[in-house]
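Participant:
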Amino acid sequence: MEIVLVGRSNVGKSSVIKQLTGKRVRVGKRPGVTRRPYRYRCGELDLVDMPGFGFMAGVSRERREEIKTSIVRYLERNRRRILFALEVLDARAFSEIVERWKRRGQVPVDVEMFQFLQELELRPIVVVNKIDLVYPEERDDVLDNICEKLGMSFPWRQWGDVVVPFSAKTGEGWENVIRLIRERLTACGKPHFNRFLKRGRSRFTNR
Ligand SMILES: Nc1nc2c(ncn2[C@@H]2O[C@H](COP(=O)(O)OP(=O)(O)OP(=O)(O)O)[C@@H](O)[C@H]2O)c(=O)[nH]1
Ligand SMILES: [Mg+2]
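So that you can map any letter, position 49 of the sequence shown is 48 in numbering that gives the first Met the number 0, and since no number is skipped, the others follow by simple counting.
Given below as structure tokens:
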């Protein structure tokens, strides 16, 4: 069984996996570091790091479309093995990117992906990563805005079982990410899969 991580390129999917598993994961400053699904085995559970979608400098439109299609196919083909998904967003960049797409009259790829995950009943947890880059007094607004863009009404706090602010850099929000994953695993009838999270947690608590 597996949990998949999806999201725009460079939002920090690989960094989140690194923190969750404590494993050596390739993380990069340049978008497009993860080129194919990478599977990290954690006992009976796998965490699958998907390639990032959306704009990447130096990557053609055709290639970007191919990546998106390959993610959709992967999710459809492996649906029965997937317990749920984490959709990772960049707290600071998200709203601006969504506005840009809307001005062009298109549905932003992040929003499309969130809807697709819901259609597949993958009950996505939205990990709003890089929250360390948003001033504390602006965070509620940023999170309300993200909820609204994803089709959920604000205030964001009513979606505490779906949306979780996090920083893979500082560990802020870690306890809530773990809590949501545990709740999902229990809801899927796999509470014993929680064991794999222990090592990851110690990475922050031992800092
Ligand atoms: N400030 C800050 N930087 C972060 C955080 N999480 C990740 N980063 C940085 O963001 C960059 C991208 O991180 P990755 O984990 O490689 O992102 P990714 O989503 O896997 O990217 P692709 O594989 O290209 O799709 C790296 O430089 C990370 O160090 C965070 O919470 N805060
Ligand atoms: Mg990556």
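C-beta atoms are modelled at their ideal positions from N, C-alpha and C, and glycine is treated no differently.
Should glycine 172 be listed as close to ligand 2, given that the test is whether its C-beta is under 7 Å from any heavy atom?
Facilitator: no
Participant: Do you know whose CA, among Phe165, Leu121, Thr68, Val127, lies nearest leucine 88's CA?
Facilitator: Val127
Participant: Strictly by DSSP, which residues pair up with alanine 84?
Facilitator: Val3
Participant: Spell out the partners DSSP gives valine 163 in its beta bridges.
Facilitator: The partner list for valine 163 (beta bridge, DSSP) reads Val126.
Participant: Let me make sure I understand the geometry here. Which of Tyr39, Thr169, Arg138 has the alpha-carbon closest to that of arginine 91?
Facilitator: Arg138
Participant: Within this structure, are the beta carbons of leucine 132 and valine 162 separated by less than 8 Å?
Facilitator: Contact: no.
Participant: My parser needs the beta strand (DSSP E) runs of 3 or more residues fully inside the stretch 99–145; what are they?
Facilitator: 124–128
Participant: With leucine 46 as the anchor, note down where its beta strand (DSSP E) starts and where it stops.
Facilitator: 44–48
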